[in-house]
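A short write-up of the structure that comes next.
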Amino acid sequence: MLLTIKQLQVKYGSQTALRIEEPLSFERGERIGVIGSNGAGKTTLVKALLGLVDYQGSIITQIRPEQMAVHMQSNSYVSTMPVRRIMEMILDTNIKENRELQELIGFFEFEGCLSKRFHALSGGQKQKFTIIMVMMQKAELTFYDEVTSGLDFESRQKLTEKLVEWYRDKEDSLIIVSHYYEELEQLADKILLLDEGRVIAYGNVKELFLKYCGDAVYILENTPKNHSLAAEFRMLRSPDHLLALSCRNKEEERRMLSLFVEHNVDFKRSSSDIEIMSINAKSCFYGEAVQG
Amino acid sequence: MNNKAINNRKKGCSLRMIGYELRNINGNFMTHFFGIVFPNIMSLLFSTMIGKQAPDASRPEVTISVVICMALIMPMSIMFLGYGSLYSQEVEREIPQRMHLFGFGEKSLITAKIIVHLLFLTGAMLLYAVVQTLLLDIPRPALSSLLILLVSLYLIGVIFLVIVHCLANIFRRFSVTFGVSMTIYFLLMMLTGMMGISTDQLPAIWQKIARMLPMTYISNDFAGFWQGGSYNFMPYIQSCIFLAALTGILAMYAQYRGRRVRK
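Residue numbers (this note's numbering), protein chains in the order written: chain A, 1 to 292; chain B, 1 to 263.
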């Protein structure tokens, strides 16, 4: 067991930013994606686990905060010297003599940035700079708090791919806070969904998907034609411009598929869509009925 | 159960950290200008201006009085104004917190900063001594007087560094910290005779305040025993204790304010 959270409550003044009532356990080697809208309590949870905010309740773990590594939403450094110097000071090493660090710098294609000052780096380069140092900490638990926010689509994709590639076949425990569902689909194997400081859902992605969405989900454009075709199936909650249809078994899926082929309907199939799962988990938590 | 924020990190102050802080201070224009250029210019300017009005016989004494007085600008500029501008910018950008998250403790961070600022102050004082000795007619000091002056400059420097460190942690904004420290800096310069106005020329209430500050004694009295002689150090020591106590109270308040991080 990596850590267990029991009755955790964080308050900023009179406002409760986070209230976790049911015990939550994180196992070693797990990659937990934390999602939720702004103000859901994601960063507050990270800060509580790092001991940066006062809290009530208990966080039971053998890991001390200094054994955790974190990439915060915003990471600033002095701008009076090249980032190479900052990196060497923080990691207390010489880049030329540290092959592991050289490998990581090469992996993130950061060699050309070492002589630049921090303020001269692009958004993506700034993120990579902190990520390299965070990875070099080799912590028992690593947090990535909105590591790709503020980046353009292409930079975001590339950075996510790099993270996925780096952590493939490794056993590091990660807690990844993100607004981007596709990022978590690639990086996380468990999801913690928060809303207004409360836990809406927590568990394995597949299990949560099965619980809130069924075996698979077919996602179509929300048009009158598609709406009438979908009427006979169980319709899940989805963003307004889409229709999400739940398949509870193979027979239902075959029926759905032949109908779409017959009527030439464009669709996307998923058995792990975190966005649709989150919307329906929230809807279920707040007692809103699902159609169909 | 109520759990307090934990921030006990382990990395200590290393040589690499000192090298890093040296590069950091070198990038700070405020420290260079107010710590090196400003005291030298002020001393040369005032020595020439006041020296011209003094009789030939007392000119060396007037000169040394100005040189000692202007030497006070160095610890105040480097350790107070310069460090304040550097550190408050770091606090505003949450750089110290980032360092804590990388495992650096508050003690090791401030130790490296104090060491580097003391090194810079030493360099500035050496340069000041060379420039002033070459360009002005300064009488040779008694060793004890020189040592007392040096210890006093370092002591004042450390006290002012702690004061501005606390101010930056309280205000957490560069603009506010810089505004407050700049005001205090010029106010202290005026009160303690560094702006060309003698403490005796100030209104009575200001004189009382000035007498609570060690800089007043250094700037007004230290020239009197530059080449030896007796001096009653008690009021000076009392003023040092008073300033240190005030700093201690400020440090406790800053710690109290920073006991919890609210975002």
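Positions of the beta carbon are idealized from the N, C-alpha and C atoms, including for glycine.
Closer than 8 Å, CB to CB, is residue i near chain A or not?
{"i": "Leu161(B)", "result": "no"}
{"i": "Gly35(B)", "result": "no"}
{"i": "Phe178(B)", "result": "no"}
{"i": "Thr241(B)", "result": "Thr is not the amino acid found at residue 241(B); the sequence shown has Ile there. No, because no Cβ of chain A sits closer than 8 Å to the Cβ of Ile241(B)."}
{"i": "Arg93(B)", "result": "yes"}
{"i": "Phe174(B)", "result": "no"}
{"i": "Phe29(B)", "result": "no"}
{"i": "Ser14(B)", "result": "yes"}
{"i": "Tyr20(B)", "result": "yes"}
{"i": "Phe102(B)", "result": "yes"}
{"i": "Asn24(B)", "result": "yes"}
{"i": "Met182(B)", "result": "no"}
{"i": "Arg98(B)", "result": "yes"}
{"i": "Met125(B)", "result": "no"}
{"i": "Ala254(B)", "result": "no"}
{"i": "Gly157(B)", "result": "no"}
8 Å is my cut-off, CB to CB: does residue i come that close to chain B?
{"i": "Gly292(A)", "result": "Summary for Gly292(A): the model assigns pLDDT 44, below 50, so the residue's position carries little reliability, and this model does not support an answer."}
{"i": "Met235(A)", "result": "no"}
{"i": "Thr80(A)", "result": "yes"}
{"i": "Asn38(A)", "result": "no"}
{"i": "Glu133(A)", "result": "Here residue 133(A) is Met; the residue named in the question, Glu, does not match the sequence. Yes, because at least one Cβ of chain B sits closer than 8 Å to the Cβ of Met133(A)."}
{"i": "Val70(A)", "result": "yes"}
{"i": "Glu22(A)", "result": "no"}
{"i": "Arg85(A)", "result": "yes"}
{"i": "Ser149(A)", "result": "no"}
{"i": "Glu111(A)", "result": "no"}
{"i": "Tyr144(A)", "result": "no"}
{"i": "Ile5(A)", "result": "no"}
{"i": "Asn204(A)", "result": "no"}
{"i": "Ser271(A)", "result": "no"}
{"i": "Ser74(A)", "result": "yes"}
Using the C-alpha atoms, what's the distance from residue j back to residue i?
{"i": "Glu262(A)", "j": "Ser228(A)", "result": "14 Å"}
{"i": "Leu45(A)", "j": "Phe267(A)", "result": "37 Å"}
{"i": "Phe209(A)", "j": "Ala188(A)", "result": "14 Å"}
{"i": "Lys126(A)", "j": "Leu127(B)", "result": "39 Å"}
{"i": "Gly179(B)", "j": "Lys170(A)", "result": "51 Å"}
{"i": "Ile63(B)", "j": "Leu101(A)", "result": "Per the sequence presented here, residue 63(B) reads as Thr, with Ile not at that position. So the two alpha carbons sit approximately 57 Å from each other."}
{"i": "Thr93(A)", "j": "Cys113(A)", "result": "18 Å"}
{"i": "Gly292(A)", "j": "Phe233(A)", "result": "Here Gly292(A) scores only 44 on pLDDT, less than 50, and its place in the model should not be relied on; the value that follows carries that caveat. Spanning the two alpha carbons is a distance of roughly 6 Å."}
{"i": "Leu236(A)", "j": "Cys247(A)", "result": "10 Å"}
{"i": "Phe37(A)", "j": "Ser14(A)", "result": "A quick correction: the sequence has Ser, not Phe, at residue 37(A). Near 21 Å, if we compare the C-alpha coordinates of Ser14(A) and Ser37(A)."}
{"i": "Phe171(B)", "j": "Ala57(B)", "result": "51 Å"}
{"i": "Gly196(B)", "j": "Gln73(A)", "result": "50 Å"}
{"i": "Ser76(A)", "j": "Arg98(B)", "result": "7 Å"}
{"i": "Pro224(A)", "j": "Met256(A)", "result": "17 Å"}
{"i": "Asn7(B)", "j": "Met70(B)", "result": "Low local confidence applies: a pLDDT of 41 at Asn7(B) is under 50, so the model's placement there is unreliable, with the coordinate-based value given in what follows. Using only the alpha carbons, I get a separation of about 41 Å."}
{"i": "Glu270(A)", "j": "Arg257(B)", "result": "Inspection of the sequence shows that residue 270(A) is occupied by Ser rather than by Glu. Rounded to whole angstroms, Ser270(A) to Arg257(B) spans 51 Å at the Cα level."}
{"i": "Leu18(A)", "j": "Leu109(B)", "result": "31 Å"}
{"i": "Arg168(A)", "j": "His241(A)", "result": "35 Å"}
{"i": "Glu88(A)", "j": "Leu49(A)", "result": "27 Å"}
{"i": "Thr133(B)", "j": "Val67(B)", "result": "10 Å"}
{"i": "Val164(B)", "j": "Leu91(A)", "result": "28 Å"}
The beta strand (DSSP E) with residue i in it runs from where to where?
{"i": "His71(A)", "result": "68-71"}
{"i": "Ile170(B)", "result": "Run containing Ile170(B): none in the beta strand (DSSP E); it sits in the alpha helix (DSSP H), 143-171."}
{"i": "Ser79(A)", "result": "No beta strand (DSSP E) contains Ser79(A), which DSSP labels as neither H nor E."}
{"i": "Cys247(A)", "result": "242-247"}
{"i": "Met235(A)", "result": "234-236"}
{"i": "Phe34(B)", "result": "No beta strand (DSSP E) contains Phe34(B), which DSSP labels as neither H nor E."}
{"i": "Val199(A)", "result": "198-204"}
{"i": "Arg31(A)", "result": "31-35"}
{"i": "Ser198(B)", "result": "No beta strand (DSSP E) contains Ser198(B), which DSSP labels as neither H nor E."}
{"i": "Gly57(A)", "result": "55-61"}
State the start and end residues of the unbroken alpha helix (DSSP H) segment that holds residue i.
{"i": "Asp266(B)", "result": "Any question about residue 266(B) goes unanswered here, given that chain B covers just 1 to 263."}
{"i": "Leu187(A)", "result": "181-187"}
{"i": "Cys284(A)", "result": "274-285"}
{"i": "Gln15(A)", "result": "That residue, Gln15(A), is in no alpha helix (DSSP H); its beta strand (DSSP E) goes 15-20."}
{"i": "Arg254(A)", "result": "250-262"}
{"i": "Leu127(B)", "result": "106-135"}
{"i": "Lys47(A)", "result": "42-50"}
Tell me, please, whether the stretch 104-122 of chain B touches the stretch 21-31 of chain B by the rule of three or more beta-carbon pairs shorter than 8 Å.
yes
Do the stretch 76-92 of chain B and the stretch 59-75 of chain A make contact, defined as three or more Cβ pairs closer than 8 Å?
no
Which residues of the stretch 67-90 of chain B have a Cβ closer than 8 Å to any Cβ of chain A? Give them in chain order.
Glu90
Any C-beta of chain B within less than 8 Å: which residues of the stretch 88-104 of chain A qualify?
Glu88, Met89, Ile90, Asp92
Three-pair Cβ contact test at 8 Å for the stretch 168-182 of chain A versus the stretch 143-156 of chain A
yes
On the three-pair Cβ rule with 8 Å, is the stretch 243-255 of chain B touching the stretch 224-233 of chain B?
no
At a Cβ cut of 7 Å, what residues of the stretch 173-190 of chain A count as close to chain B, listed as they run along the chain?
none
Taking 8 Å as the threshold, find out whether the stretch 270-289 of chain A comes into contact with the stretch 194-210 of chain A through three or more Cβ pairs.
yes
Closer than 8 Å is the cut-off here; do at least three beta carbon pairs connect the stretch 179-194 of chain B with the stretch 67-86 of chain B?
yes
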